[in-house]
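What follows is one structure encoded as structure tokens, with my remarks underneath.
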Amino acid sequence: MSAQGKSLFSRLDTTTLVLYLSLVCIGLLAVFSVEYRSTDAGIFLMHKNYMRQLVWLGISLFVGLLIVFTDSKFFSSFAYLSYTIGVLLLVVTIFAGVDVKGSHSWLGYGNVRFQPGEVCKIFTSLALSKFLSSPETNFQTLRHRIMGAAFALVPAILIILQSETGLALVYFCFFLVMYREGLPNIILIIGFSLVALTLATLLVDRLALFVIITTLAALAGYMIRRDLKRNPSARILLVGAWLICILFSQVMVPVLFKYVLQKHQIERIYSTLGQDVPDSYLKAGQKKDEKKKGNVSDYNVKQSKIAIGSGGFFGKGFLNGTSTKNEFVPEQHTDFIFCSIGEQFGFFGSAILIALYLSLMLRILYLAERQRSSFSRIYGYCVASILFFHFAINISMTIGIAPVIGITLPFLSYGGSSLLSFSILMFILLRLDSDRQVMIR
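Heads up, the working numbering is the position in the sequence shown plus 783, with the first residue counted as 1.
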């Protein structure tokens, strides 16, 4: 290896690299533990998911090596073009995608399949970083804020059209990055308010909610009646807020649940809220089974919680998980991989895993803050936001405090597209950090 190559590797952040490799190795062992059987003819069986994951790890590390030897300025120059390619792939997927478990979000040729939505997270991170770091961008103006939001919303909308709502929600994590770069507090307040209003719409009778919103608006008007008399803009703002809340709760949310979301997605949301799906949200031809208690999502979460709870403090030991071995937990090698950790290694092992994730995310934030280049800093925050969203939602849905929306656990869940995309995200960050004193535009 040349002196330049040795110098380049010496500049890579060892702590981040070790944390990444630790999580990947834990993921391989977790997938192996849920699939290996003592009756198998051997360990190195290519039809097993853990061997496929090992192959994808090799591909990911090879791609990571190529990234390390790539000029760090290339990622900024390639940002907008890569985003355009990603959006085009998402459009192609809508019309030529392959259906996998009810999702139309895959492209494939033969036995090879990948999710453009996973890869597009990388492209969106690069493009948003390029846009926000550009000298021509003034993020204090409404025009540039709308443009920044469009970078996240366009892929999200295209992915929703592919019936992959869970993956689409990930793109809203980019608003955390924009908040770090100067997005007003009012935007986040409005966002959380809409979430609260959505929950109220699902839990409260529609007419009763209309009365509650109108009453609150009337009380607010009474409390600020003097300002309303002096300031016509205040009257417009109050009436506008009331009208938006009414339209959102009485029209937009019902339309979303009746015509956009799939039946299993609606069931997951209502299951988490402990409610039955209303008849009005069931599409034509669908009948509720009155005798059926819960649904598939209920079963998945219940079995996951049983598996985690049975692990106790120190767990049952590696390869000794009864729930995972007997396949009581569906998708235990993908979305519910965390329950295999909880069963085999207990609370102690789960806490160590969570500590590794938190350490990695905090380290990424540290790397982001030490960058001289705004592009590199913003990209670091994009990576941290994506990891946090996946980590928080996946573990929350595994233990039953969030709807099951099909989000993978980074580096652990089985899936080539997921592992490769997260690895590329990490290695680009490592490469940018190795040139942290260089101004990248």
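The C-beta atom is built at its ideal place from N, Cα and C for all residues, glycine as well.
For residue j and residue i, believed in contact at Cβ under 8 angstroms, the rounded distance
{"i": "ARG1146", "j": "THR799", "result": "5 angstroms"}
{"i": "SER1157", "j": "VAL1221", "result": "About 12 angstroms; that fails the 8 angstroms criterion."}
{"i": "LEU806", "j": "LEU1139", "result": "6 angstroms"}
{"i": "GLY1199", "j": "PHE897", "result": "7 angstroms"}
{"i": "GLY900", "j": "PHE1210", "result": "At roughly 20 angstroms, the Cβ-Cβ gap does not stay under 8 angstroms, so GLY900 and PHE1210 are not in contact."}
{"i": "ILE1029", "j": "ILE995", "result": "Not confirmed; about 11 angstroms, so no contact."}
{"i": "ALA879", "j": "SER1123", "result": "That pair is no contact at about 35 angstroms."}
{"i": "ILE1161", "j": "VAL960", "result": "6 angstroms"}
Length of the line joining the Cα atoms of residue i and residue j
{"i": "TYR1005", "j": "ALA1024", "result": "15 angstroms"}
{"i": "HIS1116", "j": "GLN923", "result": "44 angstroms"}
{"i": "LEU982", "j": "TYR1042", "result": "18 angstroms"}
{"i": "SER1179", "j": "VAL953", "result": "15 angstroms"}
{"i": "ARG934", "j": "LEU911", "result": "The identity of residue 934 in the sequence shown is Phe, whereas the question assumes Arg. Computed Cα separation, rounded: 6 angstroms."}
{"i": "GLU947", "j": "SER886", "result": "6 angstroms"}
{"i": "GLY1104", "j": "SER1206", "result": "29 angstroms"}
{"i": "GLY869", "j": "LEU1215", "result": "21 angstroms"}
{"i": "VAL874", "j": "ILE940", "result": "10 angstroms"}
{"i": "VAL902", "j": "TRP889", "result": "11 angstroms"}
{"i": "LEU1212", "j": "GLU1152", "result": "12 angstroms"}
{"i": "PRO938", "j": "PRO967", "result": "23 angstroms"}
{"i": "GLU919", "j": "SER1093", "result": "57 angstroms"}
{"i": "LEU1148", "j": "LEU791", "result": "22 angstroms"}
{"i": "GLY1183", "j": "VAL1084", "result": "6 angstroms"}
{"i": "GLN836", "j": "SER843", "result": "10 angstroms"}
{"i": "THR797", "j": "GLN1154", "result": "16 angstroms"}
According to DSSP, residues forming a beta bridge with residue i
{"i": "SER860", "result": "BP columns for SER860 are empty, so no partner."}
{"i": "LEU762", "result": "No information on residue 762 is available, as it lies outside the stretch 784 to 1224 that the chain covers here."}
{"i": "VAL881", "result": "TRP889"}
Beta-carbon proximity of residue i to residue j, cut-off 8 angstroms
{"i": "ILE1223", "j": "ARG1051", "result": "no"}
{"i": "LEU909", "j": "TYR866", "result": "yes"}
{"i": "LEU1102", "j": "TRP839", "result": "no"}
{"i": "LEU1143", "j": "TYR803", "result": "yes"}
{"i": "THR984", "j": "LEU992", "result": "yes"}
{"i": "ALA1000", "j": "ILE1007", "result": "no"}
{"i": "ILE1169", "j": "LYS904", "result": "yes"}
{"i": "ILE1049", "j": "VAL1060", "result": "yes"}
{"i": "SER1217", "j": "ARG794", "result": "yes"}
{"i": "GLU1126", "j": "ALA1090", "result": "yes"}
{"i": "PHE1172", "j": "GLY1129", "result": "no"}
{"i": "GLY1098", "j": "GLY1132", "result": "yes"}
{"i": "SER1087", "j": "PHE1119", "result": "yes"}
{"i": "VAL1166", "j": "LEU1208", "result": "yes"}
{"i": "LEU986", "j": "LEU1056", "result": "yes"}
Environment of residue i [buried if 16+ CB atoms lie within 10 Å]
{"i": "GLY931", "result": "buried"}
{"i": "LYS1075", "result": "At LYS1075, the pLDDT of 47 sits below 50, so the modelled position is not reliable and the matter cannot be decided from this model."}
{"i": "LEU1195", "result": "buried"}
{"i": "CYS808", "result": "exposed"}
{"i": "ASN921", "result": "exposed"}
{"i": "LEU950", "result": "buried"}
{"i": "LYS1012", "result": "exposed"}
{"i": "HIS830", "result": "exposed"}
{"i": "ASP882", "result": "exposed"}
{"i": "ALA1134", "result": "exposed"}
{"i": "ALA862", "result": "buried"}
{"i": "VAL817", "result": "buried"}
{"i": "ILE969", "result": "exposed"}
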